[in-house]
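Student:
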Amino acid sequence: MSTPIGREVLLVPVEEEMKRSYLDYAMSVIIARALPDVRDGLKPVQRRILYVMRELGLTPDSAHTKSAKVCGETTANYHPHGQEVVYPTLVRMAQDFNMRYPLVDGQGNFGSVDGDPPAAMRYTEVRLTPIAMEMLADIDKETVDWMPNYLQSTEEPVVLAARFPNLLCNGGSGIAVGMATNIPPHNLSEVVDALIYRLEHPNCTLGPILKLLPGPDFPTGGLILGTRGIRQAYETGRGSIVMQAKTQIEPLDGGKSAIVITELPYQVSKARLIEQIAALVKAGKLDGITDIADYSDRTGMRVVIELRRDVNPNRMLNSLLKHTQLRTTFGTILLALVDNVPRIMSLLDLMDHYLAHRRTVILRRTRYELYRAKSRAHVLEGLQIAVSVLDEIIRLIRRSETAEVARREMIRRFGLTAIQADAILAMQLRQLARLEQDKIAEEYRALLREITRLEHILTDPHRVEQIMKEELLTLKEKFGDARRTRIVAREAEEISEEDLIPEEETLVLITRDGYIKRVSLDAYRSQKRGGKGVLATTAREEDEVEHLFQVSTHHYILFFTDLLF
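Residue numbering for the sequence shown follows this note's numbering, starting at 5 and increasing by one per position.
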């Protein structure tokens with residue numbers, strides 16, 4: 005068989021090719037798809053969506069724009085993996101039950117905590133939230149690196165400046181090849197306090213941080229049982245955090261009671277939970293539930309589980325916690341990309357990487373602003389020279405045949421630089437009038453003060469840290485809110501069969517013929533006149549009670565025998 009002209013067939017072992025190709029695929033998924041960057045807490049697709057929305061001018065004070073336009077721009081220019089990937093990511097960033105601090109302000113049907121799907125992208129509309137603008141702030145001041153897009157036609161930011169600590173506040177999840185990440189969200193006010201403490205005490209241990217940042221704060225509220233899992237996750241990067249729904253027991257008419265659910269564990273679907281409970285009732289595994297009703301509305305969640313009159317509500321709640329998602333665990337994995345390398349980190353590591361990123365951003369921003377200030381001051385110095393010899397400048401320009409001739413002559417006669425000469429030629433004469441001269445002088449003095457301030461920042465690390473604190477405190481003042489998830493000190497314990505049995509006093513009878521029977525103490529006491537009492541409990545008339553014990557249904561009874569079984 006002949007080989008086509010210009011092509012060469014290379015024979016390679018299939019094992020080597022499989023290993024190399026799979027490794028390339030795995031690294032592509034890990035770096036470019038599934039894991040967030042430790043600095044801004046965003047996956048590439050999230051970062052690209054936010055950047056596209058900024059380029060489209062979708063600021064918080066602008067009108068909403070169709071999601072299809074955002075997804076189309078993102079796919080066409082930056083993320084060539086299809087709108088089937090882009091739109092679900094956009095939707096999630098707008099869901100307040102998934103994101104503790106949404107980055108996208110959505111208008112239309114973006115799904116619900118019931119698990120309802122969002123409307124198609126041609127119907128929904130989006131714009132950036134104010135907190136997303138904090139993520140994008142200063143990226144036009146050379147604070148971050150840029151790279152070519154996949155078409156080599158434009159550039160995109162490698163990472164965002166991220167004034168808002170997104171990874172700590174919103175968390176993140178993703179499944180890569182051979183690894184996964186699952187970082188819980190936290191409260192912004194607590195994160196800010198912890199970051200400032202870490203800035204002031206760079207060698208502190210986890211203990212003081214936990215006093216300021218006691219644990220995750222999920223968007224759906226609920227409870228966290230115990231702190232053991234939290235500490236383990238924050239120390240090692242892995243740990244299980246037990247979450248539980250917020251419930252209360254309410255009395256109903258006719259002596260009945262109901263279990264009312266007002267908050268669910270994070271990422272538990274209310275609709276699926278109700279279906280799960282109904283299936284358990286139908287299967288006979290939850291006996292005593294007469295009705296389940298969902299009264300949730302815009303003011304909050306309210307799911308009412310009505311019980312039979314004879315059912316102990318606390319025991320039923322224990323059964324629900326054991327058999328349904330009213331109690332579940334959040335498997336924490338603090339894994340993110342550090343210099344494009346996946347790393348499992350402690351909470352202190354995450355905080356340190358964020359603070360280091362912000363320090364770099366502030367220094368790069370300051371250098372950029374200093375360069376711009378010095379460049380403008382240089383131009384103003386030339387304008388001041390021009391004002392002092394204005395008549396000569398005007399005559400020189402009028403005599404010159406071209407702008408280039410005037411430019412060279414100004415440089416020669418007045419000692420101006422090319423930049424200063426170009427600025428003078430670009431100005432209108434009225435801008436050099438007496439009033440404008442005063443404005444030029446005042447602007448120049450203000451610039452000198454600004455240059456001094458910026459140079460001080462670059463030479464004083466403490467000033468950089470002070471700016472970091474000020475920006476964090478501003479975030480807290482603008483966006484800080486109350487904690488939603490309550491942390492209960494009591495550790496979650498395994499719900500045993502004993503917890504599912506109502507505790508009540510009872511009689512245990514052992515007859516002469518070896519029969520054993522349990523009788524409720526209340527039932528025994530309620531016998532009317534003429535009743536046969538204990539004798540009525542025997543299996544046969546000629547049998548009689550030999551032993552009688554009053555015990556609780558939670559007591560254990562030991563039996564000894566000399567028989568071999």
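Just so you know, even glycine gets a beta-carbon here, dropped at the ideal spot from N, CA and C.
Looking only at its chain, what residues have a beta carbon closer than 8 Å to the beta carbon of P223, apart from the 5 residues adjacent to it on each side?
Tutor: For P223, where only same-chain residues beyond five positions count, the Cβ hits under 8 Å are D100, F101, N102, M103, R104, P189, Y270 and R488.
Student: Under the three-state reduction of DSSP, which class applies to D109: helix, strand or coil?
Tutor: Three-state result, D109: strand.
Student: For K23 and M125, I'd like the C-alpha separation in whole angstroms.
Tutor: Looking at the two C-alpha atoms, the distance is approximately 39 Å.
Student: Which term fits M320, buried or exposed, when burial requires 16 or more other beta carbons within 10 angstroms of its beta carbon?
Tutor: Per the 10 Å Cβ criterion, buried.
Student: When the Cα of V308 is compared with those of L351, T251 and P465, which residue comes out closest?
Tutor: Answer by Cα proximity: T251.
Student: So, under 8 Å CB-CB, L338 and L351 are touching, yes? Tell me the CB distance rounded to an integer number of Å.
Tutor: That belief holds up - the Cβ atoms of L338 and L351 are roughly 7 Å apart, short of 8 Å.
Student: Unbroken alpha helix (DSSP H) runs of length 4 or more, entirely within the stretch 19-96: which are they?
Tutor: Counting whole runs of 4 or more residues, the stretch 19-96 contains the alpha helix (DSSP H) stretches 48-59, 71-81 and 87-96.
Student: Considering just the uninterrupted stretch of the beta strand (DSSP E) at I293, what are its terminal residues?
Tutor: That run of the beta strand (DSSP E) goes I293 to D298.
Student: V181 to N153, Cα distance in whole Å?
Tutor: If you take the alpha carbons of V181 and N153, they lie about 24 Å apart.
Student: Relative to the C-alpha of L277, which candidate in H327, G243, D65 and D291 has its C-alpha closest?
Tutor: Among H327, G243, D65 and D291, the Cα nearest to that of L277 is on H327.
Student: With a threshold of 6 Å on Cβ separation, who are the neighbours of M414 within its own chain once the five nearest residues in sequence on each side are excluded?
Tutor: The answer, listed in chain order, is L420 and A425.
Student: By Cβ distance below 6 Å, which residues in the same chain neighbour G535 in space, the five residues on each side in sequence not counted?
Tutor: Note that G535 scores a pLDDT of 49, beneath 50, so its modelled location is shaky and nothing firm can be said.
Student: Which term fits I561, buried or exposed, when burial requires 16 or more other beta carbons within 10 angstroms of its beta carbon?
Tutor: The residue in question, I561, is exposed, as its Cβ has fewer than 16 Cβ neighbours within 10 Å.
Student: Could you say which of R380, L429 and P106 lies nearest to A450 if we only look at CA atoms?
Tutor: Selected option, being the one with the closest Cα: R380.
Student: Report the CB separation of V162 from M151 in whole angstroms; it is logged as a contact under 8 Å.
Tutor: Sure, about 5 Å apart at Cβ, within 8 Å.
Student: Identify whether A430 lies in helix, strand or coil by the three-state DSSP scheme.
Tutor: Residue state, collapsed to three classes: helix.
Student: Near E12, what residues of its chain come up, given a Cβ to Cβ distance below 8 Å and the 5 sequence neighbours on each side ignored?
Tutor: Cβ neighbours of E12 beyond the five flanking positions: none.
Student: Quick one: grab the DSSP three-state call for Q388.
Tutor: It is helical.
Student: Could you check if D291 is buried or exposed, using at least 16 other CB atoms within 10 Å of its CB as the buried criterion?
Tutor: Exposed, because fewer than 16 other Cβ atoms sit within 10 Å of the Cβ of D291.
Student: What does the alpha-carbon distance come out to for the pair V196 and K473?
Tutor: Roughly 9 Å separates the two Cα atoms.
Student: Can you tell me whether T542 is helix, strand or coil according to DSSP?
Tutor: Model confidence at T542 stands at a pLDDT of 48, short of 50, so the residue's coordinates are unreliable; what they give is reported in the following sentence. Looking at T542 - three-state DSSP - the assignment turns out to be coil, as it is neither helix nor strand.
Student: Assuming L458 and E385 are in contact, meaning their beta carbons sit under 8 Å apart, how far apart are those beta carbons, in whole angstroms?
Tutor: 18 Å between Cβ atoms; not a contact.
Student: Where do the ends of the beta strand (DSSP E) carrying R242 lie?
Tutor: It spans R242 to Q248 - the beta strand (DSSP E) in which R242 sits, taken as one unbroken run.
Student: Tell whether a beta-carbon distance below 8 Å holds between L324 and I296.
Tutor: No, the pair does not count as a contact, with Cβ atoms beyond the cut-off.
Student: Can you check whether the CB of D142 is closer than 8 Å to the CB of R369?
Tutor: For R369 and D142, yes; Cβs fall inside 8 Å.
Student: Alpha carbon to alpha carbon, how far is V315 from F563? Give it in angstroms, no decimals.
Tutor: Going from the Cα of F563 to the Cα of V315 covers about 31 Å.
Student: Do V555 and L513 have their C-beta atoms closer together than 8 Å?
Tutor: Going by C-beta atoms, V555 is not nearer than 8 Å to L513.
Student: Which first and last residues belong to the beta strand (DSSP E) in which N186 is found?
Tutor: Taken as a continuous stretch (DSSP letters only), the beta strand (DSSP E) holding N186 covers A184 to I187.
Student: Which residue from R347, D28 and P465 puts its Cα closest to that of T364?
Tutor: It is P465 whose Cα lies nearest to the Cα of T364.
Student: Rounded to the nearest angstrom, what separates T69 and G211 at their Cα positions?
Tutor: Using only the alpha carbons, I get a separation of about 46 Å.
Student: What number of angstroms, rounded off, separates the C-alpha of V345 from the C-alpha of L39?
Tutor: V345 and L39: Cα-Cα distance of roughly 10 Å.
Student: Taking only heavy atoms of the ligand GDP into account, decide whether any of them is closer than 7 Å to the Cβ of D301.
Tutor: The ligand GDP is absent from the structure shown, which contains no ligands of any kind.
Student: In terms of DSSP beta bridges, what is D301 paired with?
Tutor: G304, per the DSSP bridge assignment.
Student: The alpha helix (DSSP H) that contains F418, what's its start and end?
Tutor: From DSSP, the alpha helix (DSSP H) with F418 extends over A407 to F418.
Student: Shortest alpha-carbon distance to L525 belongs to which of R516, Y127 and T510?
Tutor: Of R516, Y127 and T510, the residue nearest in Cα terms is T510.
Student: Count the other C-beta atoms from every protein chain shown that fall within 10 angstroms of the C-beta of R202, then say buried if there are 16 or more, exposed otherwise.
Tutor: By the 10 Å Cβ count, R202 comes out buried.
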